[in-house]
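Sequence lines, in order, name chains A and B. Heads up: the first sequence begins at 5 in this note's numbering, then just goes up one per residue. Heads up: the second sequence begins at 31 in this note's numbering, then just goes up one per residue. The beta-carbon is built from N, C-alpha and C at its ideal position, and this holds for glycine as well.
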Amino acid sequence: MSTLEHESAKYHVTGEAVFIDDMLVNKELLHGHVVYSPHAHAKIVSYNLAEAKNVKGVHCILSYKDIPGENQMGPVIRDELVLASGKVTFIGQAIFLIAADTEEIARTAEKLITIEYKQLKPILSIVDAIKSGRLIQPKRKIENGNIKKAFNSAPNIIEGELKTGAQEQWYLETQVALAYPGEGVELLVHSSTQHPSETQAIVSEVLRIPKNEIEVQVRRMGGAFGGKETQANHVAVWASLLAFQTRRPVKIRLFRDDDQKMTGKRHPFLTYYKAAFNNKGLIMGLDLEQHTDAGAATDLTMAILERAMMHADNAYYIPNIRIMGFAWFTNLPSNTAFRGFGGPQGMACIETIIDKIARQLKKDPAEIRNINFYGGEGRSETPYGQIIEHNRLNIIEEQLMLSSRYIERRDLVKQFNEKSEFIKRGIAITPVKFGISFTTSFLNQAGALVHVYKDGTVLVNHGGTEMGQGLHTKIQQIASLEFGVSAQKIKVNATSTAKVPNTSATAASAGTDLNGMAVKDAIFKLKASIALLVAEEFNNNIPTSQPETDDEDIIFVNDNIYDIENTTRKISFEDAINLAYINQVSLSATGFYKTPDIHFDREKGKGHPYFYYSFGMAVTEIELDTLTGFFQNLRTDILHDVGESLNRRLDIGQIEGGYVQGQGWCTTEECKWDDKGNLLNHSPDTYKIPNIQDIPKDFRVQLLEDFPNSVNTIRRSKAIAEPPLMLAFSCWLAIKDAISAVGNHEIEPEFSLPATNEVILLSIDKIREQLN
Amino acid sequence: MKKTNSHIISFVLDEEVISIDFSGEQALSPTTTVLNYLRSLPNHKGCKEGCAEGDCGACTVVLAKEESKKMRYWAVDACLLFLPMLHGKQLITVENLGSSTNLHPVQKAMVEKDGSQCGYCTPGFVMAMFDLYKNYSIPTNEQIDDALTGNLCRCTGYRSIVDAAQSAGAKKARDQFSEQAEVKKMLAGIHANNKKLSNGIQVYHKPSRKQSALQLIQKYPKATIVAGATDVALRVTKNHEVIPEIIDIGDIDELKAISANKNHYIIGAGASLESIKAFSKEKLPSLYKMLAVFGSKQIRQLATLGGNLGSASPIGDTTPVLIALKAIIVIGGKKGARKVPMHEFILGYRKSQCKAGELITEIHIPKSSGGAQIRSYKISKRKDLDIATVSGGFRLSLDKSNMPVELMLVYGGMAEVTKRAKKTEAFLLGKVWSRKTIEQAANLIAADFKPISDARSSARGREVMAKNLLLKFWTETNN
């Protein structure tokens, strides 16, 4: 059972899987086109649409003046315009929308639009933003212990700054939506969105249509990774505006370069740090200032910053700590969710600090990590007050150090480097502790709607969306286990706001935790009423001498329903369903779930925001050519805690994919902007995600066995998805270890993220200069 | 038998001969890409657009053609292919391999090994894997990596996809493409004659002979020449240019030959980079090294050396090594053929010796380096399927006292054209080829070049890279 393949795999491999751009639409379909700003900051002095509107085949051109409702699509804070009015604040900001018979006609029309701009000075980097003093939202603070005292008594202090770069989500399917007008104000929107309910809400507000007139559907996304959590709303709203205006179906699919230019990325961070530690390397105090580039709108920035602050400790107990968080306005597209959601940016800094402490004390970083791990007497409180329970760090470390033969290989690496001047090897072990739940507590809720049809087949609707992670497969599996029927009888439906209302985004790795429980709840209700009926049926057919079946003893297994006390009393699932129908018993039920026991007080920076933590560790060994900067990932060993795995195949796929995506962020994926605010890496020509040659030559992924989740999650599983991305710090720091070997580990290498071969070579060049 | 017709193209899709007459077409033009064509059909939506520039492979399809009585199969990016390039070939898409109820062995392996997550890149991987399946009995890991370098996946981390390729390769069975008798017949009925395809806005010439190509080029000196179109196609897909006149020399067999005379290897300008890669593995290892990291297999099976040289790109991955190899470019024109040494061929940014009305026909590479050591290097952000940040083609002959008597340090990516490091070379000539002199010489790189900062690297980064490559060359040539 735990080996179900992805429910859509056979459709993926044959091209039968339908993505939005593949939908067969009638000839009335119009192509939506977005005219966006070429300037990072400018006043729109005037514009003229007349000539463009006259192009044959153009059906309408809309500006902000044509928006029936609010010109707002900010998901949390209302600071993001649907269409620019009067002023543009980043390159890629939508100004006009064109609906035309073909994309070609729309582009012809676009060329005929004239806009006169007056240039204004843009803010294009975190450093400039700090100078400008323009915070996008008030700063945040989390504090614990007494850092002043810690620094006063510390024998060692290190200070520095760390830059981590933006990362483009690079979902293979670019942002896309298809809107169909119905009768009256009805609108059906097919959207590649992680958050159909929010897409529905924003379409509703912008078009001034009640939500019950709008249905948002998503069968599957061609990847999302956070990039379609809020920013899928944009194309959906634009397509809806055009469809509403023209009364025809309208599709908008962003061209790759436009998608990369227009949409937000993983937030770049600049972190200033100061750490106090004793001579063993035990961290006594940490003072952090996290500065992030929000872009031109808030979007999810504050939640991302919050998670970065709450993951600044990663797996380490820090008795005295102060974390300040600053989110700055810049004239760049609003940065947004990306797998890890601030977690990676928070962790990168503490991992750097540990690495530096080790170098300064001439110890193996693995040793410094070990002594600083959470655990032991009085070493379990996080900076925000939650106590780490059911800590798996030690068991994972113990098992992984052995299975990866870390100590032996560390020695082999040393020997190799002694004999090799230009090719150096490096190795590193890094941990991940990741809090599971939305930190905005009320978002931790989910709904489901389960139907059983007369032929005994089941249709499951839930609020989660499928983006490749296998959520629907896990849900299919949960439904199959709960109903005791084979998985072939279960179909998970395309997600629709018409089936399950008011859902949360499929995000925060919580898709299965939340929706799985909601589905279970619905099935529980259905089983209860079926069991009553079946018990009655059994009792009607037994001699009075035999004990009666109690409905509490009814079980659902192997496509049958039994009395557990007397298994000769049985009825097939299909017959029971028929019986229920004839007896006028409802075969449809809703389910609901809310995560218990979580709360967080933002003002105080204290609470119990996470239901539980996910843990994992990785060891990576790399080989670096110090003259070209090319590295080869020789071997990666991962041990990850998924509780009781719901589906090993999917979980391993998530871990491997997450690691490789993290390796991309740490190495070859670089976003650069010119001094006008133009993104230079706006296509895969210059934006390099890992390809098949970049993955570990030897990739060993294990799941931690025999540690079911200690809190009551669906079948005692743990979330996957985000945490493995951060295991790639082992690759990043293995590269640094190899660079460090050039200076025999006596010189602290300059290092940042991503460690492109340029960064690597410049760092080595500096070390070589110091050696000479 | 199909009547030959010079304004119609014909190819096989779904086991049917499809003919397109552009003169009567509204929706399709001669520069419509195969990707857009397939996506306009109701039953070929498996071919996905991920980037429209040949960097992601989501639109990978396989072409097939009978060659010496056997069908040859090769994967290409449909986004880089203009419709007329299909003429006389079979186009195979993911839908032709199998259906969800009847999977092809490659598709089955992808399902069993969890090679798909979101599924968007998957049809492209399946098709690249189908090329692998058809061309190697049991592929090695290196062949698998090479065949799938042109396909990006953002979900899986690729390990499962490698497993699928191994599994499909190990359990090889006959498939519906093992015979293809009907298709062979259909293809035999399509004539390889000169084509002039026009829709009133564009004219697309597709000569079948070298002589006709040369005549056309003289007649239409302003026409854009394409062979694989891996560069020119981007003008259409990314800049939405309507190219008025095209001469497509991609199907001229005379230009594809690779042979040798007494002193030279002779490489047809139309030979695919993939075939040159195979040829050069033993014979010209420095050229092979560059081709092994040039684009992807899908791109190399379309792209030609003539095209790479003709574009005269400032980076031109093959240019530095061809200069170091002392290659000679043969240019055909009105007055017959003329020969230009490679180092004189490139004149400036995207400008070469090949003038309007002329065509690169052959590249001659000396068989012997006369004792010189030749090496090539490429630094790019990502090792594979990336354009060079800095590249190098170096040539060195040492005398008995270990001093260079001949030295060429040719760099790409350091200036607006491929350029020799003249000052550095001058410094090194006549000095002992030692680490010390190399390190002194490396400081002169800054005097030779003033590189730019761009999306790929800062100027300072490029300078360090160029310096390092010199040192790397020394580590490989000092005895």
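Residue span of the alpha helix (DSSP H) that contains residue i, given as start and end
i: B/Val124; result: Val124 to Leu127
i: A/Asp741; result: Phe733 to Val746
i: A/Cys353; result: Gly347 to Leu365
i: A/Leu654; result: Arg652 to Cys670
i: A/Pro369; result: Pro369 to Asn376
i: B/Pro350; result: Thr349 to Ala354
i: B/Val213; result: Ala211 to Ala218
i: A/Glu147; result: Here A/Glu147 belongs to no alpha helix (DSSP H); instead the beta strand (DSSP E) covers Arg144 to Asn148.
Contacts that residue i makes with chain A (C-beta to C-beta distance below 7 Å)
i: B/Val124; result: Thr18 and Gly19
i: B/Met511; result: Since the first and last residues shown for chain B are 31 and 509, residue 511 of chain B lies out of range.
i: B/Tyr150; result: Phe23, Leu176, Glu177, Gly226 and Gly227
i: B/Gln137; result: Val17 and Thr18
i: B/Pro153; result: Gly19
i: B/Met444; result: Here the premise fails: no neighbours, minimum Cβ distance about 14 Å.
i: B/Met140; result: Val17
Proximal chain A residues relative to residue i, where beta-carbon distance stays under 8 Å
i: B/Asp283; result: Result: empty, since nearest Cβ-Cβ is about 32 Å, beyond 8 Å.
i: B/Pro416; result: In the sequence on display, residue 416 of chain B carries Asp and not Pro. Chain A residues near B/Asp416: Lys692.
i: B/Ser129; result: Thr18 and Glu20
Contacts of residue i in chain B (Cβ-Cβ under 7 Å)
i: A/Phe426; result: Thr505
i: A/Leu28; result: Pro72
i: A/Asp641; result: Those do not exist, as A/Asp641 stays about 13 Å from chain B at its closest Cβ, beyond 7 Å.
The beta strand (DSSP E) enclosing residue i, as first and last residue numbers
i: A/His295; result: Ile287 to Gly299
i: A/Gln221; result: Ile218 to Val222
i: A/Tyr15; result: Unbroken run through A/Tyr15 is the alpha helix (DSSP H), Ala13 to His16; no beta strand (DSSP E).
i: A/Tyr320; result: Premise fails: A/Tyr320 is in no beta strand (DSSP E) and is neither H nor E.
i: B/Leu43; result: Ile38 to Leu43
C-beta atoms of residue i and residue j nearer than 8 Å
i: A/Ala4; j: A/Ile440; result: Chain A is shown only over 5 to 776; residue 4 of chain A falls outside these bounds and no answer can be derived.
i: B/Val64; j: B/Leu121; result: yes
i: A/Leu766; j: B/Val494; result: yes
i: B/Leu459; j: B/Ala451; result: no
i: B/Ile358; j: B/Leu389; result: no
i: A/Lys701; j: A/Thr672; result: no
i: A/Phe333; j: A/Lys143; result: no
i: B/Ile50; j: B/Leu43; result: no
8 Å Cβ cut-off: residues of chain B touching residue i
i: A/Lys676; result: Ala485
i: A/Gly657; result: Asp144, Gln147, Cys185, Thr186, Gly187 and Ser190
i: A/Ser12; result: Ser146 and Gly149
Partners in chain A for residue i, counting only beta-carbon separations shorter than 9 Å
i: B/Asn229; result: Residues of chain A passing the Cβ test: none, with the nearest at roughly 14 Å.
i: B/Gly80; result: Leu176, Glu177, Thr178, Gly226, Arg260 and Pro688
Listed by chain order, chain B residues near residue i by CB distance under 9 Å
i: A/Tyr663; result: Gly187
i: A/Phe733; result: Those within 9 Å of A/Phe733 in chain B number zero; the least Cβ separation is about 16 Å.
Proximal chain E residues relative to residue i, where beta-carbon distance stays under 8 Å
i: A/Leu684; result: Considering every chain present, this structure includes no chain E. Its protein chains are A and B.
> For the region 82-103 of chain B, which residues have a beta carbon sitting closer than 8 Å to at least one beta carbon of chain A?
Replying inline: Along the region 82-103 of chain B, the positions whose C-beta sits under 8 Å from a C-beta of chain A are Ala82, Glu83, Asp85, Cys86 and Ala88, read in chain order.
> For the region 176-190 of chain B, which residues have a beta carbon sitting closer than 7 Å to at least one beta carbon of chain A?
Replying inline: Answer set for the region 176-190 of chain B: Leu178, Thr179, Leu182, Arg184, Cys185, Thr186, Gly187, Tyr188, Arg189 and Ser190.
> Considering only residues of the region 84-155 of chain B, which uninterrupted beta strand (DSSP E) runs meet the minimum length of 3 residues and lie entirely inside it, listed in chain order?
Replying inline: If we require 3 residues or more, the beta strand (DSSP E) runs fully inside the region 84-155 of chain B come out as 90-97, 100-107 and 120-122.
> For the region 454-486 of chain B, which residues have a beta carbon sitting closer than 8 Å to at least one beta carbon of chain A?
Replying inline: Answer set for the region 454-486 of chain B: Asp484, Ala485 and Arg486.
> In chain order, what residues of the region 450-482 of chain A put their CB closer than 9 Å to some CB of chain B?
Replying inline: Against chain B - using a Cβ distance shorter than 9 Å - the residues of the region 450-482 of chain A are Glu470, Met471, Gly472, Gln473 and Gly474.
> Which whole runs of the alpha helix (DSSP H) in the region 449-500 of chain B are 4 residues long or more, in chain order?
Replying inline: Annotation note: the region 449-500 of chain B contains the following uninterrupted alpha helix (DSSP H) runs of length 4 or greater, listed N- to C-terminal: 452-458, 465-472 and 475-478.
> Could you give the uninterrupted runs of the beta strand (DSSP E) lying entirely in the region 155-189 of chain A, keeping only those of 3 residues or more?
Replying inline: For the region 155-189 of chain A, whole beta strand (DSSP E) runs of length 3 or above, ordered along the chain, are 160-168 and 180-185.
>> Could you tell me which whole alpha helix (DSSP H) segments of length 4 or greater appear in the region 513-595 of chain A?
In response: For secondary structure counted as the alpha helix (DSSP H) over 4 or more consecutive residues, the region 513-595 of chain A holds these complete runs in sequence order: 515-544 and 577-586.
> Relative to chain A, which residues along the region 52-76 of chain B have a C-beta separation below 7 Å, given in chain order?
Replying inline: The region 52-76 of chain B vs chain A, Cβ under 7 Å: Pro72, Lys75 and Gly76.
>> Output needed in chain order: residues of the region 89-114 of chain A with a Cβ under 7 Å from some Cβ in chain B.
In response: Going along the region 89-114 of chain A in chain order, one finds Arg111 with a Cβ nearer than 7 Å to chain B.
>> Going residue by residue through the region 73-132 of chain A, where are the continuous alpha helix (DSSP H) segments of at least 4 residues, counting only ones entirely within it?
In response: Listed in chain order, the alpha helix (DSSP H) elements of length 4 or more contained wholly in the region 73-132 of chain A are 107-116.
> At a Cβ cut of 8 Å, what residues of the region 182-198 of chain A count as close to chain B, listed as they run along the chain?
Replying inline: Here the close residues number zero.
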